Each structure stands twice: as C-alpha cells, then as structure tokens.
Amino acid sequence: MEEEGRQGGEAPLTGLLRELTWLSFGIATLSSGVLGAGVPDSAPEWGVQALWYVLAGSVFVWLVAGVWWWALLAPPGPPPGASSDPAPPGGALPLGRAARLRRRLAALFPQRDGKPRVALTLARYVLAPAAVFVLLGALLSSPFDDSCAPPTEIVVATTPDSEPAVEAVAAAFAEERAADGGSGERCRSVRVTVYAVDDGQRMRNALLGTWDSRLGPLPHVWIPDSTVEALMVRDALAARAADGAPTAADDLGGGSAAGAAGSAGSPAATAPPDGGAPLTQVTAIDVGEATRLTPLVLAVPRDLAAEVTGDDPDAVVLDDPYAALREAVGPAGVRVARADPGDPAAAMLHTAFLYAANGAIAPGGDLLDADRAAEIEHELSLGLTAHSERDLVCQVAQHAHDTVPVAALTTEAAVYEAAEGPAWRAACPGPTDSGAELTALYSSELPVLDHPFVRVTGVRAGADADAARPVVEAPEVAAELRRFERYLDGFMTEYPPAAFDRPYREAGASPSAAGAYAGYRNEAGAGRVTMGVGSAPAQLPNPEGDPEAWRDAAGAVLDLYDSSQGSAALLLAVDRSSSMGTPNRKFATALEEAAVLAQSAGPRDALGLWAFPQGRGPSAADTTALVDPQVRTGGLIVRELAALAPDREATPLREVVAEGAEALAAWADARPEEDPPEGADAGGEQGAAAAEPVLVVFTDGVGEPAGGGLSADATADRLDAAGVRVRLVAVGDETRRWGRVDPCDVAGLPELAEHPLVDCVPADADSPGEAALRVLGEARAQ
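See below:
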C-alpha cells in the first residue's frame with residue numbers, strides 16, 4: 210500500500226510534514242522580523258513576551274518537521290550495488306516489509322565499496338541538528354534569562370510639596386515595569402530617582418542658564434507645581450534660540466559653571482575632554498499634560514472662616530477671599546502669610562491675583578501702579594522664610610488661637626495634609642489637633658496648580674560654551690520616559706480614582722500608586738480631599754484657568770516683587786586659608802552660602818567678590834579682588850567660587866574687614882543714584898535711595914598672619930571711618946566639630962563682633978543658604 214501511495218502521489222504523512230515545515234518557517238521569519246525591527250512602545254509587555262515564545266516554538270517545529278520530512282524523502286529503491294529484482298511470487302508480506310525497511314535505512318547511509326558510511330550519516334542527521342538546536346536555544350532563551358540587566362535610570366526634579374507624591378508614583382511605576390525572571394528573581398527594568406529643589410527661582414534659573422550641580426543631577430523630567438512656570442522657562446528658551454543668543458547664566462544672575470554630575474544615561478554625565486567638570490545647559494523643554502490638580506485657597510482657622518461665610522457651606526467659594534476676610538474682620542484682625550513669590554508657584558500666582566484685583570497690574574501683566582504693589586507687599590510680610598506650602602500652613606496652625614490669628618495664601622492640598630497627613634503633624638510642632646482647626650476659602654477666579662510633566666528635550670554639554678555640543682538621549686531612556694508619562698496620564702482619567710483616595714498598604718506590600726495623590730484631585734475634580742477638608746466643594750471652582758494669561762501676570766509679579774524688595778550692595782569675602790579645608794565641610798559650607806546669596810540676588814542687587822589671602826606665605830595679609838561690585842554678577846561670582854580652594858596659610862581677618870569696608874565706602878560714594886522703579890510715583894525726588902553697602906565675610910575665624918597682623922584698635926578706627934556694616938558668616942569651630950562650640954565664639958570673631966557695625970551670623974552645614982538669605986534680606990531692608 211505504501212508503494213502504491215508513492216507511485217500515485219505523496220504520502221499523507223510526508224505532505225503534512227512538508228506543510229508544517231513551510232508554515233513554521235514563515236511564522237518564524239515573520240515574528241523574528243517584527244522583533245528585529247523593534248516592537249512599538251505602546252505594545253503590552255505580555256504581548257512582546259508572547260511573540261518571543263511564538264518565535265521559539267515555530268523554530269522548534271520547523272527543525273523537527275524539516276528533519277523528519279527530509280528523512281522520508283530518501284529514495285525507496287535498493288541501495289547501490291543491490292539487486293533490483295522483485296521479490297519472488299508468493300513471498301510473505303512481512304518479508305516484503307522488512308526488505309523495504311532495510312532499503313530505506315540503507316538509503317540513509319551513504320556507501321562506499323558496498324559498505325555504509327555511518328559517521329557521515331551521524332554527522333548529517335544527529336550532530337548537525339543538535340548543534341542547530343543548541344545555538345537557537347541559547348539565542349531564544351536570552352529574553353528569558355534569569356540574570357537581570359542594569360535598569361534604565363530616570364531622574365525627576367520636583368518641588369518639596371510634590372516630592373512625596375511623585376516618589377510614590379515613581380516607585381509604583383518601577384514596580385509595575387519589573388519582570389519576573391525564570392527563577393522568580395525580580396528584574397527591575399527602570400529606576401526612577403526623585404529629588405526636590407526647595408527654591409523655585411533657582412530651579413528656573415538653572416534651566417535657563419548653566420545647570421547648577423548643587424541642586425542635583427540634571428533631570429530628564431521636571432514636574433513643577435504649575436504649567437505657568439514651565440511656560441515661562443519654555444518661552445525664554447525659545448526666544449533665546451530665535452535670537453541666536455547663548456544660554457548663559459550671566460544673563461540671569463544665577464547658575465553654575467561647576468557642571469552637572471548625573472546618573473548613567475543622563476546628559477549631565479558627559480565630561481569634557483580635559484577631565485574638568487562639564488558645562489551643561491538646557492536648550493529646550495516640552496511641556497506635557499497635567500498629572501494632578503489642587504486649587505489655590507486661603508487657609509484660615511475655622512472660627513475666622515465662620516465670620517466670613519456665616520457657617521454657610523455654599524459660601525466658601527468667593528470672588529476674592531482675601532478681600533472678604535479683610536472686610537469681615539478688619540485689616541488689624543488678621544495677619545496674612547505668603548511664601549516668597551519667587552519660590553513656590555502658589556505664592557507667585559496668589560500674588561498675581563492680588564496685584565490684578567487691586568489695580569497694580571492689568572490682566573495681561575502690564576504695570577499699572579507700582580506703589581499699590583508695594584502696599585500689598587507690606588500687608589503680606591509673614592511667611593517669606595517658608596520653603597513649602599507645608600511650612601506655611603504650619604505657621605497658620607501654630608497661631609490659630611492667637612489674639613490676632615494668621616491666614617495663609619496656599620493650596621487645598623496643604624490644608625488637607627494639615628488635617629490628615631501624619632508626616633505634616635510630625636514636621637509641625639504644636640498640638641496634635643492643630644491641623645484640624647484649619648479650613649479653606651476658595652475663589653472662582655484663582656487658577657489651579659496642575660503639576661505638568663515637563664521633558665528636558667534639549668541639552669548641550671562641553672568644557673565651555675564654545676565647546677558645548679548637543680547631547681543625544683539614549684533610546685532606552687526615551688522609551689521609559691514615554692511609558693512613565695503615559696503612566697501618570699492614566700491617573701487623571703482613572704475610575705475609580707484609586708490614586709487620589711486614602712493611602713492603604715499592608716505591611717511588606719509592594720509599592721502601589723493607591724493613595725499616592727491623596728489630597729489632590731483628578732481632571733473631574735474627584736479625590737479624597739473633598740472628605741478631608743470639610744469646606745471643600747465637590748467640583749473645582751475654576752478648572753479652566755488660562756496658563757498663557759497667568760504666565761504674563763506671573764512675570765510682572767516677579768519684576769514688581771524684586772523692585773519692591775529694594776536693592777542691596779554686598780561685597781563677599783571668602784576665607785581660603787588651610788584651616789577652612791579641615792573636615793566637616795567648612796570650606797564647602799562657605800562656598801554654598803556664598804553661592805546661594807549670589808544666585809538669590811535680584812537684578813537691582815550689586816555684588817562683588819574677594820578671596821583672602823592672596824599670598825601663600827604665613828604672613829600674607831592681602832586680598833584678591835575677583836569681581837568688582839555691580840549688578841547682575843551672580844553667575845560670574847558662582848563660577849569664581851567654584852575655582853577657589855583652601856590652599857593658603859594665613860587668615861588676615863582684621864585686614865580684610867578694614868580694607869573691605871574702606872573699598873565699599875569708596876564704591877558707594879562713586880556710584881550713580883538709582884532710578885525709581887517703572888510705574889512708581891517719584892514725587893519730585895531725583896532718585897531712589899541707594900542701598901547701604903555691606904561687607905559679608907565667610908570664615909571660620911581660625912589663624913592669624915605671622916606677627917599678629919592689624920591690631921584690634923586699628924581695625925576699629927578704620928571701621929568707624931568707613932561707616933560700613935560687616936557681617937561675619939561663621940562656618941566652623943576651632944575643634945572642627947560642628948555643634949560643640951557656637952561658630953561665632955571661635956578665635957577672634959567675638960572681639961570683632963563687639964564693634965557696633967559688626968555682627969556674626971552662624972552658618973548651619975545642614976541648612977546651607979539660610980544664613981546668606983538672612984544677610985541678603987537684612988541688606989535690602991536698610
């Protein structure tokens with residue numbers, strides 16, 4: 210029968226194997242082509258893994274069916290040299306089958322001189338297929354290997370108020386992207402690093418100028434509090450690119466030439482050929498969609514809110530809650546706190562609303578009345594030291610039962626955290642129920658904070674501005690960033706909104722996004738906050754705020770706020786003696802304090818920089834003038850600071866104080882009078898009062914030039930003649946151990962501080978910049 214099948218056509222088994230061979234070959238070719246060309250980022254992970262299994266299975270079937278088909282195609286005739294006579298008539302059927310089987314097996318073995326060549330057959334039908342199986346098995350098993358490849362690094366910068374929420378969703382994203390290895394090992398495909406920058410103006414300056422590595426690594430993603438901030442940076446970068454102007458920190462009074470130290474895969478990890486720190490600049494950003502929402506509110510004690518609303522829950526949404534509060538209790542019945550408008554976006558937008566509502570600026574940002582803006586700033590004197598809305602609401606809670614209570618221009622999320630957030634209660638000392646004493650008043654005119662997803666899409670890096678070249682983002686980083694953006698976008702439309710509900714996790718549970726956005730709202734206005742804040746309306750009071758319009762108003766606010774703060778004239782003198790280089794970061798603290806002061810200076814602040822001593826000998830009592838006092842020198846000063854090192858022997862402190870005071874006095878006598886701010890009523894005056902100069906010395910106070918140097922009496926006489934104030938920013942103690950001795954009680958510092966023009970300000974290595982900002986604020990207030 211089998212012979213008849215061969216004579217009449219192909220045997221069924223042979224045909225089936227032939228079809229399987231070609232079909233499996235086609236499937237393997239197609240699936241390998243798809244995988245080789247690259248699977249779209251939108252494809253689910255299970256789909257990609259299934260495609261690999263299809264490729265592996267089709268290759269296996271192709272090999273098995275193909276080898277079997279090949280074997281069946283062997284000629285059925287007798288082997289060479291054998292007789293081809295048919296079997297004798299009447300032969301038994303088993304004998305015929307045995308003969309055919311012997312012929313088939315003999316056909317598989319090539320013969321020479323009538324003897325089969327077994328080795329060649331084994332090599333053809335056993336060893337060659339086995340080698341193919343091994344190689345293809347190794348290739349196809351690589352996607353399912355137990356070992357874990359290094360994860361892709363993503364860096365995200367945000368604000369102090371947003372940091373907990375962003376960290377929670379980033380951890381949940383990394384957990385979701387993790388894959389199970391063949392042995393059960395958890396393989397992380399992405400690692401997301403989140404850090405907060407506690408000064409909004411410094412962050413914007415760094416994005417517009419030279420990236421400051423002291424803020425952190427250059428981020429791939431920036432999540433500010435408001436799209437308004439992102440638009441200000443995006444438009445400034447676009448305008449500079451259109452004008453062909455370099456993106457330099459000099460134009461902004463901020464930034465650092467120290468470069469940026471980044472993670473693997475970050476543009477900031479690029480180093481120049483000479484081995485120095487790279488100069489890294491952002492050239493473009495892409496402003497994405499909102500990730501979560503919170504309206505701006507006026508946080509007030511409950512008793513105070515009742516006087517405004519009459520206990521009517523529907524009356525919490527007002528046109529101008531600030532004006533309604535003043536009208537209800539009188540200007541003397543409440544103190545209103547607000548953070549620095551240049552720092553959190555909430556303070557900037559609250560101030561823009563107040564300026565526009567009171568006629569200081571037009572809705573489009575045009576200046577109408579600078580004097581009215583100054584009056585508003587006088588009313589908002591509290592809260593300027595708060596670095597977050599959390600800190601600001603803490604002030605309200607602590608003063609809720611004072612004779613004159615405090616209200617705060619803040620966010621709904623901050624009020625929610627005060628009521629239900631355990632982290633807030635731990636960070637805000639006071640009665641445990643103080644946060645529950647607060648509520649919020651809303652406005653139908655104020656915008657919402659939308660926390661957009663902003664990609665840093667253009668970066669240049671190099672040894673200097675001329676050598677800077679574009680940095681290309683790694684494909685795997687770009688793919689993970691797109692996945693992360695889609696992941697965050699999903700929460701805004703998710704139903705039920707688990708991410709915006711109360712957080713709940715069992716002990717030892719994997720990271721989850723559930724409750725990560727508690728206190729915020731999604732695009733429909735839903736969220737746990739409507740239960741945590743008793744006065745919260747069910748819907749957002751003003752969900753359609755126009756970021757473009759608020760951007761112009763915010764820019765006017767920053768300009769007016771700078772002018773209303775007055776100006777300062779400061780000469781910074783940095784001690785670079787060897788004692789500053791001892792442990793506990795004394796010299797690093799001095800540089801950080803000086804850099805924060807330089808970066809915080811406004812366009813009307815004049816700054817200069819000295820370093821002392823100039824000579825390297827033990828009797829050196831001279832100084833080096835690195836930057837002459839003038840406006841807009843912040844970026845230059847930061848670069849000069851980065852080049853300093855504690856490599857001198859002497860500390861000519863009294864000489865620097867005397868010479869610096871005399872130099873500042875001479876500079877003040879020669880400078881021109883300042884013009885009044887645009888829009889202000891000069892009142893017939895010839896010019897605005899010039900700021901009194903201040904000498905700021907960053908030192909540990911340890912060491913004197915050989916021979917003693919300038920005497921204390923001579924120093925006092927020269928200070929009296931110059932009439933210039935001196936502030937000694939003390940950065941360490943003689944024992945070189947922080948906390949053992951007040952830094953202002955070291956060596957000759959107490960004697961110098963006895964002079965009426967001299968004060969000592971201790972620096973805290975754990976809070977860099979606080980002492981510098983205190984000195985800057987004091988200099989502007991004079």
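Under this note's numbering, think of the first position of the sequence shown as 210, with each following residue one higher. Idealized CB from N, CA, C, for every residue including glycine. What you are looking at is a predicted structure, and each value in this text was computed from that prediction instead of being measured.
query                                                                                                                                                                                         : result
So is Thr419 buried or exposed if we call it buried at 16+ other beta carbons inside 10 Å?                                                                                                    : buried
Check this for me: beta carbons of Leu488 and Ala672, under 9 Å apart or not?                                                                                                                 : yes
Is it right to say Gln216 is buried, meaning 16 or more other beta carbons lie within 10 angstroms of its own, or is it exposed?                                                              : For Gln216, the predicted structure reports a pLDDT of 43, less than 50, and the residue's modelled location is therefore unreliable. A value from the coordinates is still provided. So Gln216 ends up on the exposed side.
Would you mind stating whether Val430 and Leu690 have Cβ atoms separated by less than 9 Å?                                                                                                    : yes
Can you give me the C-alpha to C-alpha distance between Val911 and Ala988, rounded to a whole angstrom?                                                                                       : 26 Å
Excluding the 5 residues preceding and the 5 following Glu621 in the sequence, name in chain order all residues of the same chain whose CB lies nearer than 7 Å to its CB.                    : Thr503, Pro504, Val506, Ala649, Val738, Val742, Ala745
Please go through the same chain and pick out, in chain order, the residues whose beta-carbon is closer than 7 Å to the beta-carbon of Arg581, but skip the five residues on each side of it. : Asn567, Gly568, Ala569
Using the three-state DSSP reduction, which class does Ser787 fall into: helix, strand or coil?                                                                                               : helix
Using beta-carbon positions only, say whether Val364 and Arg443 come within less than 9 Å of one another.                                                                                     : no
Examine the Cβ distances between the region 864 to 877 and the region 830 to 847 and report whether three or more of them are shorter than 8 Å.                                               : yes
Quick one: is Val681 buried, meaning 16 or more other Cβ sit within 10 Å of its Cβ, or exposed?                                                                                               : exposed
How long is the line joining the alpha carbons of Glu516 and Leu576, rounded to whole angstroms?                                                                                              : 34 Å
With distances taken Cα to Cα, identify the nearest neighbour of Gly242 among Leu260, Trp231, Val940.                                                                                         : Leu260
Keeping to the same chain, check which residues put their C-beta closer than 6 Å to that of Ala981; ignore five residues upstream and five downstream.                                        : Glu802, Val805, Leu806
On the three-state DSSP scale, how would you describe Val442?                                                                                                                                 : helix
Ignoring anything shorter than 4 residues, give me the alpha helix (DSSP H) runs that lie fully in the region 526 to 551, in order along the chain.                                           : 530 to 538
Leaving out five residues before and five after Phe1006 in sequence, what residues of the same chain have Cβ atoms less than 6 Å from its Cβ?                                                 : Lying before the first or after the last residue shown, residue 1006 is absent from the chain, which here runs from 210 to 991.
If the criterion is Cβ atoms closer than 9 Å, does the pair Ala274 and Ser233 meet it?                                                                                                        : yes
Starting from the Cα of Leu850, find the closest Cα among Met740, Asp675, Val836, Pro861 and give me that residue.                                                                            : Val836
When the Cβ atoms of the region 411 to 428 are set against those of the region 536 to 545, are three or more pairs found closer than 8 Å?                                                     : no
Helix, strand or coil: how does DSSP classify Asp954 here?                                                                                                                                    : helix
From Gly667 to Leu558, what does the alpha carbon distance come to, in whole angstroms?                                                                                                       : 28 Å
Along the chain, where does the alpha helix (DSSP H) containing Trp876 start, and where does it finish?                                                                                       : 862 to 879
In this structure, how does DSSP classify Gly224 when only helix, strand and coil are distinguished?                                                                                          : helix
Using CA coordinates, which residue listed in Ala727, Asp552, Thr492, Asp529 is at the minimum distance from Ala377?                                                                          : Ala727
What does Ala616 pair with, by DSSP beta-bridge criteria?                                                                                                                                     : Val545
Expressed to the nearest angstrom, what Euclidean distance is found between the alpha-carbon atoms of Pro687 and Ala379?                                                                      : According to the sequence provided, residue 687 is Ala. The question's Pro does not apply to it. Looking at the two C-alpha atoms, the distance is approximately 16 Å.
Taking 8 Å as the cut-off, is the beta-carbon of Pro965 closer than that to any non-hydrogen atom of the ligand SAH?                                                                          : Judged by which ligands are present, the structure shown has none, so any question about the ligand SAH falls away.
For Ala854, which option in Pro614, Leu527, Arg535, Ser786 has the closest C-alpha, if you only look at C-alpha atoms?                                                                        : Ser786
Using a 10 Å radius around the Cβ and a threshold of 16 neighbouring Cβ atoms, would you call Thr612 buried or exposed?                                                                       : exposed
Taking the Cβ atom as the reference point for each residue, do Pro756 and Val491 lie within a distance shorter than 9 Å?                                                                      : no
Rounded to a whole number of angstroms, what is the C-alpha to C-alpha distance between Ala877 and Val906?                                                                                    : 18 Å
From Leu749 to Pro428, what distance separates their C-alpha atoms?                                                                                                                           : 31 Å
Our contact map puts Arg678 next to Arg669 with C-beta atoms below 8 Å; I'd like the distance itself, whole angstroms only.                                                                   : 6 Å
Alpha carbon to alpha carbon, what distance is there between Ala439 and Ala445?                                                                                                               : 10 Å
What does a CB cutoff of less than 7 Å around Pro522 pick up in its chain, not counting 5 residues either side in sequence?                                                                   : Ser744
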